[in-house]
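Here is the structure we will look at, set down as structure tokens.
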Amino acid sequence: MADRTMTRREWLLSDAPQSRRQARLGAAYQGWRTFRRNKLAMLGLIILVLLVLTAIFAPWISPQNPYAQNLANRLQPPSGANWLGTDALGRDILSRLIWGSRTTLFIVGTVALVAPIIGLFIGTVAGFAGGWVDQVLMRVTDIFLAFPKLILALAFVAALGPGIGNAVLALALTSWPPYARLARAETLTIRRADFIAAARLQGAGRTRLLIGHIWPLCLSSMIVRVALDMAGIILSAAGLGFLGLGAQPPLAEWGAMISDGRNYILDFWWVAAMPGLAIFVVSLAFNLLGDGLRDVLDPKGAKE
Amino acid sequence: MEPPQGGQPPSALPPAGMTPPGRGHSSAMRRRLVKIGGIVLSLVLTLLGLLVVTFVIGRVMPIDPVLKVVGERATQAQYEAAYQALGLDRPLWEQFLRYVGDVLRGDFGRSISTGHPVADDLRRVFPATIELATLGTLIGVCVGVPLGVIAAAKRGSWIDQVARVVALVGYSMPIFWLGLMGLLIFYGILGWVGGPGRQGIIYDGMVPNVTGMILLDSALARDWGAFRDAFSHIILPACLLGYFSLAYISRMTRSFMLEQLSAEYITTARVKGLSETRVIWGHALRNIAVPLITVIALSFGSLLEGSVLTEIIFSWPGIGQYITNAMLAGDMNAVLGGTVLIGACFVGLNLLSDLLYRFLDPRAG
Amino acid sequence: MTRTISLRALLLATAVAAAPAAMAETPADMLVVAAQVDDIISLDPAQSFEFSGNDVGWNLYDRLVDFDPLDLEAGLQPSLAESWEVSEDGTTVTLTMREGVTFHSGNPVRAEDAAWSLQRVVKLDLSPAFIFTQFGFTPDNVEERIRAEGNQVILELDQPYALSFVLNCLASNSGGIVDKETVLANGGEDDLGNAWLSTNSAGSGPYTLTAWRPNEQVQLQAYEDYWGGAPEMKRVVVRHVQESSAQRLLLERGDVDVARNLSPNDVQGLAGNDALTVTSEPRGRILYMGLSQEDPLLQQPQVVEAIKHLVDYQGMADSFLEGQWIVHQNIIPAGYLGSTDENPWSLDVEKARELLAEAGVTSGTLRTVVRDIREYVDVAQTLQASFAEAGLTLEIQQMTGAQVLDAYRARQVPIFIGEWGPDYADPNTNVSTFAVNPDNSPEARHSQLAWRNSWAVPDDLAEKVAAAVVENDTETRSQMYLDIQSQYREIAPIVPMFQRVEQAGMQANVQNWSAGGSVASVSYRQVVKGE
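Residue numbers (the working numbering), protein chains in the order written: chain A, 5 to 308; chain B, 170 to 534; chain C, 24 to 554.
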């Protein structure tokens, strides 16, 4: 078959890839096909794409200024003027939800970057080095694991000062231990693998082995785990907001919005329910996406 | 930070410090004991580390405990007197040594945010948390395990999808929203359950306090009215916590089961003509018991931290609220005592699942 | 197998839970109150200084003089002291004890107990000690200056004071009289019983303490031999319920008799429910804004004046503060001697702009630090919006109570938004903190609010404050305070905005509820339940 007559699809699905690039792209495409078959996972992906678009275009889609107060027009039910109603200070809930998507993405993005990277580093180093390094690092991990999470996060927030940035940082700093455990376990299973030995024989140094061979292999399980933890992260940030340690007013943040709304929950259900619904939909989306990714990336779950 | 295991599902992996099962050779009992001794030692070190970390956090935190003691109107002289009375003028290491010495003598000091000895406070709040966590975990297990097993057995079917969505909803809903809504519907409107608090006012103090767990105490006293009352108060928060555990437990069960169901012995059993029910409930489930117990133990452990938001909403005087209040007031005696207690439980559960791995799992060395 | 077990468990659980509970009703001789009581750190009258702690102590102990909960307007009434008189020179106050009153232990209430109780407040030197040390008592001299002679208690003051001022201080919660013998018998030798009294009671009040479980509940039992007559409510249980919604549900379901921390909209939600009523009582607490004179922008008088016109007082009082905070722009709360309802400021962005232009200010950034309490944060956000209209940017920093206080004490809060509650029922309690600053230097570290806002109080105002505490003619004294407040409104960079009104929701059959108005704390002894 000549390249010219091949469709792009056939090229990607080729049994005999001609280049490294084709093989990689092919594998990714295969994964995408598996993923696409999973309708729920696709739904999750679509929701998240919509979320990102909402965050990017917030200034244009938001019907009103999210900070504009109107005390005479407070706690209004959903209507033509305010599709999702207004909050205790008369602000448009829909507009605040739309702007709040930026905060949510910020929270999720930061925690998803920081926690797994710390965990990956500590876990792989421990697993790869073994001996006393392993012992020390894992004891430290255990200490953080045994520490009540909320207390640790509270301590960080108290030390760093309140504010959404610090709250997120605190969450990231408290949620790395499970990743470290995971990364260590993965490292233990691959460090004696043949290809590692081969690489070592070729003269690869420890650092190169770690960065070039072990990290990429741990990555897939980390990504799956992160996707599944996303919901928890959003909710944790909401929990800090509930205790008044999250976003500073008047910044729109979904968790803080719910926590405001709980004062009005009995008579003005929409004030808390709307941001609650938003958190629910987005964390559901992350969960579904995570499940789909697991099927694609996790070799154990993928093949029956 | 809620749900407790939503954010950080406890790892189902073998505890750190041991090699993964399946690689070891059969070893002598003595070597096992030595290893276990090592584990115990490392657990003690973990606890000590926990103490140090908590202590340091408490002392470097910019929340001034003296203010809680002296209040808003205090003069500078009163402030300094209280500062010295709390021993804060001593060097950090001296404060720490004194604290550890006191703890070893069983004295956790006095809480400045409640005015009571910390040990008394913990004796009061921890049983409330244990009671709630136990019932929550029980609900999580009773619903989560069957759900996971069925989902795995009928992989890809509508049952699997429903189970998945049910679990994901449990993973995704803010607990304070669910909690307040639950209270409004089941207590406010329907009147099916008791309201916030652990007991109806009439039953308060009627049952002798033995364990501090009201369900257990009223059962011991055979006071079924009090039992029913306590049950009606605990059931709603327990169901909420149970929902979160079940989300995690059912997912883990499903994934363990899938692994088992593709194993050779299952195929053999099927070929031998065993009914599918027996294959699944009899063989596969028994084989996942050990990792499942680990999952359950760790999930229980994270509930023991107390779920602050649930406790606030249901006026449940548990340890989560206690430590949080103490933290916000800079009340380090209370925070230290609570943290050490929770840490010890966590470490204990860790040890337990570790031992289970070693003695029950045929593959472990 | 697992399935059958779990199903059975589930069915059992549903069966027990699903049986609808009858509408609860609390026993006829028992009062159940839902409130936020997690701020109690001690029940010792010499230490207790929190709202909830005082609410408990108020019922455990009697004071020498007291308020009648059913007629707070009537002012101070004899209590453990039957009568009192002042010496010619005005420096010695002699109180004669009521005969035949006994403590809960059965011990008689003697002048000696009263003197010892007041002495220990001074000697322990804890938070409320200043209420008595302001009369010149010190730990060294207090045994001579406060003493018992026969059935009389004698107070020797360092200078003549207005008698009403002295008596008002004796009627504060820290003036509660404790049972000396019982305290000493319970190991009160070293710390004058502070540790023991923190969690136990030894008073002569209408109630005794049965249990205090922190963050959970306080239980009181009626004292049948109370000298004023045994209370109707034999048991009082105060349950800690954090959330307003939860308090309201408990009230609606009949599980509590009184709910004390309902949010304004939950109060409105109760309207139309015939089984419930809502009472409104003005309390002494003032919500104010402090403008630190360390901030270069706030140092300009026109800016301060402009800010006074950038607060939507009425808008807030009519919306999220509705019914629970009323506009009050003076430092002495309504219900106190010398209080006034003169409230000159209202939201006027135009005027504020003019004032700012006068000062040459067209834009600027200010920072406020508020406690993470719903109302404060809402007030701050409303200020933020109206400041923005005048070109000022207000940054809001939300912190926990301890952190805010820490920063405030260190003078690091440019704009403070928070409450001040009076410590005793005399106007001096507020004036001496809002309008007194003996030394404005950073090292002085005074506890006065004026110092915390770095405001050097002008000498003439300080002199007026000092003169008012020694004026014995009530009419003149009242006029002096009106004068002080008028000057205060003109010049002070501290802006009182609202006064607290406590709304308590309760079952319709609960009568004679009194949260203590602006001068006292909650009192249960007069509460009765009708049909």
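Heads up, the beta-carbon is just placed ideally off N, CA and C, and yes, glycines get one too.
Quick caveat: nothing in here was measured; it's all calculated off a predicted structure.
Original post:
Does residue 78/A come within less than 8 Å of chain C when only Cβ atoms are used?
Top reply: Closer than 8 Å: yes.
Original post:
Per DSSP, residue 388/C forms a beta bridge with which residues?
Top reply: 416/C
Original post:
Unbroken alpha helix (DSSP H) runs of length 4 or more, entirely within the region 5-64 of chain A: which are they?
Top reply: Look at the region 5-64 of chain A and you find these whole runs of alpha helix (DSSP H), each 4 residues long or longer: 12-17, 24-41 and 43-60.
Subject >> Residue-chain proximity (residue 247/B, chain C), Cβ-Cβ < 8 Å >> reply: By this cut-off, residue 247/B is an interface position.
Subject >> Cβ-based burial, residue 515/B [other Cβ within 10 Å; buried from 16] >> reply: Residue environment analysis places residue 515/B among the buried positions, since at least 16 neighbouring C-beta atoms fall within 10 angstroms of its C-beta.
Original post:
In chain order, what residues of the region 511-524 of chain B put their CB closer than 7 Å to some CB of chain A?
Top reply: Residues of the region 511-524 of chain B whose Cβ lies closer than 7 Å to any Cβ of chain A, in chain order: 511, 512, 515 and 516.
Original post:
Going along the region 285-315 of chain B in order, which residues come within less than 9 Å of chain A, judged by CB to CB distance?
Top reply: Correct list: empty, as no residue qualifies.
Subject >> Where residue 375/B falls: helix, strand or coil (DSSP) >> reply: coil
**OP:** For residue 266/C, decide whether its Cβ has a neighbour in chain B, counting only Cβ atoms nearer than 8 Å.
**Re:** yes
**OP:** Please state if the CB of residue 320/B and the CB of residue 308/B are separated by a distance shorter than 8 Å.
**Re:** At the C-beta level, residue 308/B and residue 320/B stay beyond 8 Å of one another.
Subject >> Three-pair Cβ contact test at 8 Å for the region 156-165 of chain C versus the region 210-224 of chain C >> reply: no
Original post:
For residue 243/C, which of helix, strand or coil comes out of DSSP?
Top reply: strand
Original post:
Relative to the C-alpha of residue 104/C, which residue among 116/C, 97/C and 94/C is closest?
Top reply: Ranked by Cα distance from residue 104/C, the first of 116/C, 97/C and 94/C is 116/C.
Subject >> Close-in-space but distant-in-sequence residues of the same chain around residue 286/B (CB under 6 Å, 5 per side omitted) >> reply: Closer than 6 Å at the Cβ level, and outside the excluded window around residue 286/B, lie 279.
Original post:
For the alpha helix (DSSP H) that residue 139/C lies in, which residues bound it at each end?
Top reply: 134-147
Original post:
How about residue 463/C: is its C-beta nearer than 8 Å to some C-beta of chain A?
Top reply: no
Original post:
Just reading off the alpha helix (DSSP H) that residue 198/B is part of, what are its end residues?
Top reply: 198-229
Subject >> Assigned exposure category for residue 10/A - 16 Cβ within 10 Å defines buried >> reply: exposed
**OP:** Measuring only between beta-carbons, confirm whether residue 235/A sits less than 8 Å from chain B.
**Re:** yes
Original post:
Of all Cβ atoms in chain B, is any one closer than 8 Å to the Cβ of residue 351/C?
Top reply: no
**OP:** Report yes or no: is there a C-beta of chain B within less than 8 Å of the C-beta of residue 468/C?
**Re:** True, the Cβ-Cβ gap to chain B drops below 8 Å.
Subject >> Cβ distance (whole Å) where residue 253/A is taken to contact residue 419/C below 8 Å >> reply: 5 Å
Subject >> Among 90/C, 266/C and 453/C, nearest to residue 478/B - alpha-carbon criterion >> reply: 266/C
Original post:
If we ignore side chains and look at the alpha-carbon of each, how far apart do residue 427/B and residue 324/B end up?
Top reply: 8 Å
Original post:
Run through DSSP, which three-state label would residue 151/A get?
Top reply: coil
Original post:
Looking at residue 57/C and residue 12/C, is the spacing between their C-beta atoms short of 8 Å?
Top reply: In the structure as shown, chain C begins at 24 and stops at 554. Residue 12/C is therefore absent and cannot be evaluated.
Subject >> One or two residues paired with residue 439/C in a DSSP bridge >> reply: 313/C and 392/C
Subject >> beta strand (DSSP E) segments (min. 3 residues) lying fully within the region 198-245 of chain C >> reply: Correct list: 230-236 and 240-245.
Subject >> Secondary structure of residue 44/C, DSSP reduced to three states >> reply: With a pLDDT of 42 at residue 44/C, under the threshold of 50, the modelled position of this residue cannot be trusted; read the value that follows with caution. In the three-state DSSP reduction, residue 44/C falls in the coil class, being neither helix nor strand.
Subject >> Contacting residues, own chain, Cβ-Cβ under 7 Å from residue 392/C (five flanking each side not counted) >> reply: 420, 422, 427, 430, 436 and 439
**OP:** State the DSSP-derived secondary structure class of residue 534/C, mapped to helix, strand or coil.
**Re:** strand
Subject >> Contact check, residue 451/C vs residue 188/C, beta carbons under 8 Å >> reply: yes
Original post:
Under 7 Å Cβ-Cβ, which residues of chain B neighbour residue 152/A?
Top reply: Residues of chain B with a Cβ closer than 7 Å to the Cβ of residue 152/A are, in chain order, 474, 492, 508 and 511.
Subject >> N- and C-terminal bounds of the beta strand (DSSP E) containing residue 90/C >> reply: 88-91
Subject >> residue 54/C in three-state terms, based on DSSP >> reply: strand
**OP:** Report the option in 110/C, 185/C and 146/C whose CA atom is closest to the CA atom of residue 494/C.
**Re:** 185/C
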